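*Asks:* Sharing a structure, written as structure tokens. Questions coming.
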Amino acid sequence: MLDIHQTKSFEMPTKVMTGVGSLKELPQVLEDENISYPLLVTDEGIIEAGILEKVERVLTAASIDYHVYSEVIANPDIATVDRGAEIFADQGCDGLLALGGGSSIDTAKGIGVIATHGGSIKEYEFGKKPLTKRITPLIALPTTAGTGSEVTMWSVITDHERQVKYNVGGPLIAPYVALIDPELHVSMPSHITAGTGMDALAHAIECYTSHYAQPMTDSVALLAIEYCGKYLRRAVANSIDMEARFYMAQAAMLAGLSYGSESAGAVHAMTQSLGGIKPDVPHGAAVGALLAPVMRYNWMGQPAKFKRIAQALGENVWDLTDKKAALIGVEAVQGLADDVGIPSIKELGIKEEEIPLLAKAAEDDPQTIGNPRDVNREAYEEIYRYAYNNS
Ligand SMILES: [Fe+2]
Numbered sequence: 282m283l284d285i286h287q288t289k290s291f292e293m294p295t296k297v298m299t300g301v302g303s304l305k306e307l308p309q310v311l312e313d314e315n316i317s318y319p320l321l322v323t324d325e326g327i328i329e330a331g332i333l334e335k336v337e338r339v340l341t342a343a344s345i346d347y348h349v350y351s352e353v354i355a356n357p358d359i360a361t362v363d364r365g366a367e368i369f370a371d372q373g374c375d376g377l378l379a380l381g382g383g384s385s386i387d388t389a390k391g392i393g394v395i396a397t398h399g400g401s402i403k404e405y406e407f408g409k410k411p412l413t414k415r416i417t418p419l420i421a422l423p424t425t426a427g428t429g430s431e432v433t434m435w436s437v438i439t440d441h442e443r444q445v446k447y448n449v450g451g452p453l454i455a456p457y458v459a460l461i462d463p464e465l466h467v468s469m470p471s472h473i474t475a476g477t478g479m480d481a482l483a484h485a486i487e488c489y490t491s492h493y494a495q496p497m498t499d500s501v502a503l504l505a506i507e508y509c510g511k512y513l514r515r516a517v518a519n520s521i522d523m524e525a526r527f528y529m530a531q532a533a534m535l536a537g538l539s540y541g542s543e544s545a546g547a548v549h550a551m552t553q554s555l556g557g558i559k560p561d562v563p564h565g566a567a568v569g570a571l572l573a574p575v576m577r578y579n580w581m582g583q584p585a586k587f588k589r590i591a592q593a594l595g596e597n598v599w600d601l602t603d604k605k606a607a608l609i610g611v612e613a614v615q616g617l618a619d620d621v622g623i624p625s626i627k628e629l630g631i632k633e634e635e636i637p638l639l640a641k642a643a644e645d646d647p648q649t650i651g652n653p654r655d656v657n658r659e660a661y662e663e664i665y666r667y668a669y670n671n672s
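Here it is as structure tokens:
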């Protein structure tokens, strides 16, 4: 329930530019942000897919010099960020260009933190050493439609020593510009389109139903849910369906905005803690496998909002009770996950005997706090067991 007597805030520090072919605006964007020698942060997969080449063509045609840092790994860790920051300083770069999915953008955000604050990214976990200055100018060029990192105020970093993923962030870490060109998304393999798309849907559903929700974030979350329902199957089925790519890119960005400066809920408490313990499990696939089971547990905390989710997904539930409609919404999300080929948590390598440990880790994750229904270790175990036995 929205507490209308509580003061809430929403910040949007990022300029969003979007359109098919909008990559051509990059030289002007760099000039507007006073970046003359960017560090281009990306990963080997982006190079192999020929996406870096597309960007390099635009930069070279405009005679813009840059340095490539392509050591980004999935679930970027402290060493990846610290090494990038070292290269940024050694090269004398004056801005950051992140090309990739959430991992590249989060790495670039981390490099921006060190470039302006010094030290190592391990010092800046949210709630410990606060950020005091806006990071180095950062342009985000997302190549997936999922994390929404191009507009979020968070960077998720893996700490192998503690076996956790932790957040660095707040409004000072947001990219300066998100340049969203769906033409950069067409080479995404279908399983990545599926996983990242389910991640976007989860951000929207979790933030819409979270204790942190407010009308400003509800509005963007609902449209993101609608776009995922309408376009994710098409984007997975036909990689060059540009209309589907465009709207999934919008969905990811809008869902990222629905995060605001807050956090998500139980799905992300589970998957973020899971990622710290089992870093090889892809975030999007894990989110896709757990979203409907968590909704099945959560709907009772926000019945009317879960009815509205079913409506946003195109289900005809107007004359149904909140309970019936909410459960139809849960089925709609499970149906979407099944249609786009999301693997089960068993297929993702989670063993039944690991469930108590994973449930405990989820309970300790800070994203648990916003969840619409009270959730503790026992409840997380129940959700994990339901997902394990019903897919
Ligand atoms: Fe996510």
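Numbering-wise (the working numbering), the sequence shown opens with residue 282 and increments by one. We put the CB at the ideal spot given by N, CA and C, even for glycine. The structure displayed is predicted, hence computed values, not measured ones.
1) Per DSSP, what kind of secondary structure is V241 in: helix, strand or coil?
2) Could you tell me whether the Cβ atoms of K410 and T397 are closer together than 8 Å?
3) Rounded to whole angstroms, what's the CA-CA distance from A606 to E612? Just pull it up for me.
4) Going by the C-beta, is H441 closer than 7 Å to any heavy atom of ligand 1?
5) Any heavy atom of ligand 1 within a distance shorter than 7 Å of the CB on V621?
6) For A421, write down the residues that DSSP places opposite it in a beta bridge.
7) Rank A483, G399, G382 and D462 by C-alpha distance to the C-alpha of S436 and give the top, closest one.
8) Can you determine whether any heavy atom of ligand 1 sits closer than 7 Å to the C-beta of A640, and answer yes or no?
9) Taking the straight line between their C-alpha atoms, what separation do you get for K641 and V575?
10) Do three or more CB pairs link the segment 342 to 359 to the segment 318 to 327 at distances below 8 Å?
11) With a cut-off of 8 Å on the beta carbons, I'd call Q648 and A550 a contact; round off their distance for me.
12) Which word fits A585, buried or exposed, when buried means at least 16 other C-beta atoms lie within 10 angstroms of its C-beta?
13) So, are the CB atoms of P560 and T439 less than 8 Å apart?
14) Within 10 Å of its beta-carbon, does D358 have 16 or more other beta-carbons around it, so buried, or fewer, so exposed?
15) Could you pull the DSSP bridge partners for D440 from this structure?
16) Measuring straight from C-alpha to C-alpha, what distance separates E329 and H441?
17) Per DSSP, which one or two residues make a beta bridge with H348?
18) Please identify the residue among T424, I631 and D499 whose C-alpha is closest to the C-alpha of F587.
19) Check whether the Cβ atoms of G537 and L513 lie closer than 8 Å to each other.
20) If I'm right that K390 touches I416 with Cβ under 8 Å, what's the distance once you round it to whole angstroms?
21) Is the beta carbon of V562 within less than 7 Å of some heavy atom of ligand 1?
22) Answer yes if the segment 448 to 467 comes into contact with the segment 501 to 515, meaning at least three C-beta pairs across the two stretches below 8 Å, and no otherwise.
23) Shorter than 7 Å, the distance from the beta carbon of A530 to the closest heavy atom of ligand 1, or not?
24) What I want to know is whether the C-beta of V568 ends up closer than 7 Å to one or more non-hydrogen atoms of ligand 1.
25) Look at A483 and V568 and say whether their C-beta atoms are less than 8 Å apart.
26) Using the beta-carbon count (16 or more within 10 Å), is H564 buried or exposed?
27) Do the segment 648 to 664 and the segment 591 to 608 meet, that is, are 3 or more Cβ pairs less than 8 Å apart?
28) Are the beta-carbon atoms belonging to H615 and K289 less than 8 Å from one another?
29) Using 7 Å as the cut-off, classify the Cβ of T649 as near or not near the heavy atoms of ligand 2, replying yes or no.
30) Alpha carbons only, please: which of D646, A502 and R666 is nearest the one belonging to F407?
31) Based on DSSP bridge pairs, tell me the residues matched to V297.
*Replies:* Result, derived from the coordinates:
1) Given that the chain is displayed from residue 282 to residue 672, the structure contains no residue 241 and the question cannot be resolved.
2) Residue numbering aside, residue 410 sits at position 129 when the sequence shown is read from its first letter. Residue numbering aside, residue 397 sits at position 116 when the sequence shown is read from its first letter. Taking 8 Å as the Cβ cut-off, K410 and T397 do not qualify as a contacting pair.
3) Taking the sequence shown and counting its residues from 1, one reaches residue 606 at position 325. Taking the sequence shown and counting its residues from 1, one reaches residue 612 at position 331. When rounded, the distance between both Cα atoms is 10 Å.
4) Counting from 1 along the sequence shown, the entry for residue 441 is found at position 160. Every heavy atom of ligand 1 is 7 Å or more from the Cβ of H441, so no.
5) The residue you call residue 621 lines up with position 340 of the sequence shown. No - ligand 1 has no heavy atom lying nearer than 7 Å to the Cβ of V621.
6) For the purposes of this step, residue 421 is taken as the residue at position 140 of the sequence shown. A421 is bridged to A379 and A459.
7) Walking along the sequence shown from the start, residue 436 turns up at place 155. For the residues A483, G399, G382 and D462, the minimum Cα distance to S436 belongs to G382.
8) Counting from one through the sequence shown, the residue named residue 640 turns up at place 359. No; taking the cut-off as 7 Å, the Cβ of A640 has no heavy atom of ligand 1 nearer than that.
9) Translated into the one-based positions of the sequence shown, residue 641 becomes position 360. Translated into the one-based positions of the sequence shown, residue 575 becomes position 294. Taking the straight line joining both Cα atoms gives about 16 Å.
10) yes
11) For the purposes of this step, residue 648 is taken as the residue at position 367 of the sequence shown. For the purposes of this step, residue 550 is taken as the residue at position 269 of the sequence shown. Contact holds; Cβ gap of about 4 Å.
12) Indexing the sequence shown from 1 puts residue 585 at position 304. With fewer than 16 Cβ atoms within 10 Å of its Cβ, A585 is classed as exposed.
13) Reading the sequence shown from its first residue, position 279 is the one you call residue 560. Reading the sequence shown from its first residue, position 158 is the one you call residue 439. Yes, they are a contact pair.
14) Taking the sequence shown and counting its residues from 1, one reaches residue 358 at position 77. Looking at its Cβ environment, which holds 16 or more other Cβ atoms inside 10 Å, D358 is buried.
15) Numbered from its first residue, the sequence shown carries residue 440 at position 159. Answer by DSSP bridge pairing, in chain order: V445.
16) As a position in the sequence shown, residue 329 is number 48, starting the count at 1. As a position in the sequence shown, residue 441 is number 160, starting the count at 1. If you take the alpha carbons of E329 and H441, they lie about 27 Å apart.
17) Numbered from 1 along the sequence shown, position 67 holds the residue referred to as residue 348. BP columns for H348 point to L320.
18) Counting from 1 along the sequence shown, the entry for residue 587 is found at position 306. Minimum Cα distance to F587 is reached at D499.
19) Working through the sequence shown from its first residue, we reach residue 537 at position 256. Working through the sequence shown from its first residue, we reach residue 513 at position 232. No, the pair does not count as a contact, with Cβ atoms beyond the cut-off.
20) As a first step, residue 390 is located in the sequence shown; it is residue number 109 there, counting from the start. As a first step, residue 416 is located in the sequence shown; it is residue number 135 there, counting from the start. Yes, they are in contact, since the Cβ atoms of K390 and I416 sit about 7 Å apart, within 8 Å.
21) Indexing the sequence shown from 1 puts residue 562 at position 281. Not one heavy atom of ligand 1 is found less than 7 Å from the C-beta of V562.
22) As far as the Cβ criterion goes, the segment 501 to 515 does not touch the segment 448 to 467, which means the pair count is below three.
23) What you label residue 530 is simply residue 249 of the sequence shown in a count that begins at 1. A530 has its CB no nearer than 7 Å to any heavy atom of ligand 1.
24) What you label residue 568 is simply residue 287 of the sequence shown in a count that begins at 1. Yes, Cβ of V568 sits closer than 7 Å to a heavy atom of ligand 1.
25) Counting from 1 along the sequence shown, the entry for residue 483 is found at position 202. Counting from 1 along the sequence shown, the entry for residue 568 is found at position 287. In this structure, V568 lies closer than 8 Å to A483 by Cβ.
26) Locating residue 564 in the sequence shown gives position 283, where the first residue counts as 1. Looking at its Cβ environment, which holds 16 or more other Cβ atoms inside 10 Å, H564 is buried.
27) no
28) Numbered from its first residue, the sequence shown carries residue 615 at position 334. Numbered from its first residue, the sequence shown carries residue 289 at position 8. According to the sequence displayed, residue 615 carries Gln and not His. No, these two residues do not count as a Cβ contact at 8 Å.
29) As for ligand 2, it is missing from this structure, which binds only ligand 1.
30) For the purposes of this step, residue 407 is taken as residue 126 along the sequence shown, with counting starting at 1. Answer by Cα proximity: D646.
31) Counted from its first residue, the sequence shown places residue 297 at position 16. Bridge partners of V297: A459.
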